[in-house]
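Residues in the sequence shown are numbered from 99 upward in steps of one, following our numbering. Structure first, then comments.
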Amino acid sequence: MTARHLEPVTLSVLASALAGIAEEMGAVLVRTAYSSNIKERRDCSAALFDADGRMIAQAEHIPVHLGAMPEAVAAVMEREPRPGDVFAVNDPYAGGTHLPDITLVSPLVHEGGVVGYAVTRAHHSDVGGMSPGSMPSASRDLYQEGLVIPPVRLVRSGEEVDDTLRLILANVRTPEVRRGDLRAQVAANAVAQERVRELIERRGADVVLTAFDDVLAYAERRSRDAIRALPDGEYAGETEVEGDGSTDEDVPIRVRLSIEDDAIAIDFEGTSPAVAGNVNCPLSVTRSACYFALRVALPGDIPVNAGAYAPLSIHAPAGSLVNARSPSAVVAGNVETSQRIADAVLLALGRAADVPAEGQGTMNNVVIGGPGWTYYETIGGGQGASSAGPGPSGVHVGMSNTLNTPVEALELEFPLRVERYELRYGTGGEGRHRGGDGIVRSIRVLEPAALSLLTDRRRHGPRGAQGGGPGATGENRVNDEVAPAKTGKELRAGDVVAVRTPGGGGWGQA
Numbered sequence: 099m100t101a102r103h104l105e106p107v108t109l110s111v112l113a114s115a116l117a118g119i120a121e122e123m124g125a126v127l128v129r130t131a132y133s134s135n136i137k138e139r140r141d142c143s144a145a146l147f148d149a150d151g152r153m154i155a156q157a158e159h160i161p162v163h164l165g166a167m168p169e170a171v172a173a174v175m176e177r178e179p180r181p182g183d184v185f186a187v188n189d190p191y192a193g194g195t196h197l198p199d200i201t202l203v204s205p206l207v208h209e210g211g212v213v214g215y216a217v218t219r220a221h222h223s224d225v226g227g228m229s230p231g232s233m234p235s236a237s238r239d240l241y242q243e244g245l246v247i248p249p250v251r252l253v254r255s256g257e258e259v260d261d262t263l264r265l266i267l268a269n270v271r272t273p274e275v276r277r278g279d280l281r282a283q284v285a286a287n288a289v290a291q292e293r294v295r296e297l298i299e300r301r302g303a304d305v306v307l308t309a310f311d312d313v314l315a316y317a318e319r320r321s322r323d324a325i326r327a328l329p330d331g332e333y334a335g336e337t338e339v340e341g342d343g344s345t346d347e348d349v350p351i352r353v354r355l356s357i358e359d360d361a362i363a364i365d366f367e368g369t370s371p372a373v374a375g376n377v378n379c380p381l382s383v384t385r386s387a388c389y390f391a392l393r394v395a396l397p398g399d400i401p402v403n404a405g406a407y408a409p410l411s412i413h414a415p416a417g418s419l420v421n422a423r424s425p426s427a428v429v430a431g432n433v434e435t436s437q438r439i440a441d442a443v444l445l446a447l448g449r450a451a452d453v454p455a456e457g458q459g460t461m462n463n464v465v466i467g468g469p470g471w472t473y474y475e476t477i478g479g480g481q482g483a484s485s486a487g488p489g490p491s492g493v494h495v496g497m498s499n500t501l502n503t504p505v506e507a508l509e510l511e512f513p514l515r516v517e518r519y520e521l522r523y524g525t526g527g528e529g530r531h532r533g534g535d536g537i538v539r540s541i542r543v544l545e546p547a548a549l550s551l552l553t554d555r556r557r558h559g560p561r562g563a564q565g566g567g568p569g570a571t572g573e574n575r576v577n578d579e580v581a582p583a584k585t586g587k588e589l590r591a592g593d594v595v596a597v598r599t600p601g602g603g604g605w606g607q608a
């Protein structure tokens, strides 16, 4: 029998302990991974869930990963995981986001029973498909984007399932790197099991399991209090995705946000149907973007868990851009459309709450690969200014929270040379507080390779807020020719790819 409720000091200590376990999981993953995408850019996330599949603690990692994790845990729970198991899944229609993001889910066990789950999600820089890096600009269905992994056991009762691992590695271009990254995820999940066991030994199972419930209840209570302070009403927001890879036409996203007492409802009625290209989103990604937008408006000291998001409900029409059906292509939906969804929701929410101006609104995905190697990176830009001050320059914005790949690491690992890397001064929007500036990153390829660019905000600059000016649009170039927002191209040795990222919107009258 668990205790009824924990007193505040104990709850605070245990909430910090649980968040610390998630942070340590992330640290283990970063320090043991093989790929620069994880060990340098930290394109990975970690979280703890309770036995009911509710997220109780997360590390401060990637928003688009974390908000979509509950679907992955639910999909694994249907397979009845047992102690010592580790499940892998990347299917966007079974709890994943896009195929390069592979999620590992491990039961947390106490006295033979499952008390929760450890979860890591990492972007693997190749999972097969029609082009190196598994992020093709021209994919038209999910199967062109890589190997689809439904929830399957990668580890069974503590022993690696060799057949599963061999199948995965046979379908990727960099099998040894993938093997190392998957084992790093397994190790990170194992650390969570050990730390939870130690916490239960120190505090007792009844206290720790009560903390699971109490930290969720506390976050929900704080979240509802913050929403109750906002004016009731309906607020609209609209934005667009600049082409889907098959056409350059804008794809509209429409949001109607309703605030009533202590709850928020978001309705995407009027958003485009799913498109032929790969900017579609599974519902898990749409939910992530909505969670992120709500988090922006909440006080920073509210724990980030399932309780904080309990006051939010989402309606996304089935078969639409933001709730696509299998086998719609989704690889750019996770990285680009998620940003645009977050901006649309924040635009609506900004009519009732104090939120920043729009940031660059794109992840600026660059994928270059050849025989035996794949380089993937998202490039930072300008953050929107706010009532608190100017927007930061040259940072990852919105649904991304990664670092850059250091020039030294990039040039050591890949046949590439960085020729230019600097801020685009003056690209932030004007205002009482200026938006942050974008970045210029130019890379010369030293041997023939394939290029894929998945970007946005090349026609429509990020909007300012409260009278602030828009940020500058971005631009892609291959040698001296302007390239579309979403494009693929074969490169020759000596070609130069230059990505100039957008600035953030300004805040207030200049």
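The C-beta atom is built at its ideal place from N, Cα and C for all residues, glycine as well.
Nearest to P179 by C-alpha distance, out of A216, T472, S143 and D224, is A216. The straight-line gap separating the alpha-carbon atoms of A455 and R561 is approximately 7 Å. Taking the Cα of P582 as reference, the smallest distance to any Cα among E573, E588 and M233 is reached at E573. A distance below 9 Å separates the beta carbons of S229 and S550. Closest in C-alpha terms to R385, from the list P397, N421, V394 and G526, comes N421. Per DSSP, H163 is one residue of the alpha helix (DSSP H) stretching across P161 to L164. I541 is bridged by DSSP to V516 and V595. Close CB contacts of D360 within its chain, under the 7 Å cut and outside five residues either way in sequence, are with R322, I325, R326 and P409 (chain order). According to the DSSP assignment, M167 belongs to no beta strand (DSSP E) but to the alpha helix (DSSP H) extending over M167 to M175. Setting aside the 5 residues that flank it on each side, V128 is surrounded in the same chain by K137 and R140, each with a C-beta closer than 6 Å to its C-beta; the list follows chain order. Under DSSP, Y215 forms a beta bridge with F147 and P205. Comparing C-alpha distances from D239 to each of G534, P469 and V429 shows the shortest one belongs to V429. When the alpha-carbon of D535 is set against those of R557, Q458 and L112, the nearest one is in Q458. Under DSSP, the beta-bridge partners assigned to L552 are N463 and K584. By the criterion of a C-beta distance shorter than 8 Å, P513 is surrounded in its chain by G468, W471, V543, L544, E545 and A547, once the five residues flanking it on both sides are discounted.
Take A507, set aside five residues on each side of it, and the residues of its chain with a beta-carbon closer than 6 Å to its own are S134 and E138, in chain order.
H413 counts as exposed, since fewer than 16 other C-beta atoms from the protein chains shown sit within 10 angstroms of its C-beta.
For C379, the secondary structure class from DSSP, reduced to helix, strand or coil, is coil. Listed in chain order, the alpha helix (DSSP H) elements of length 4 or more contained wholly in the segment 448 to 512 are 505 to 511. In the three-state scheme derived from DSSP, where H, G and I count as helix and E and B as strand, G194 is classed as coil.
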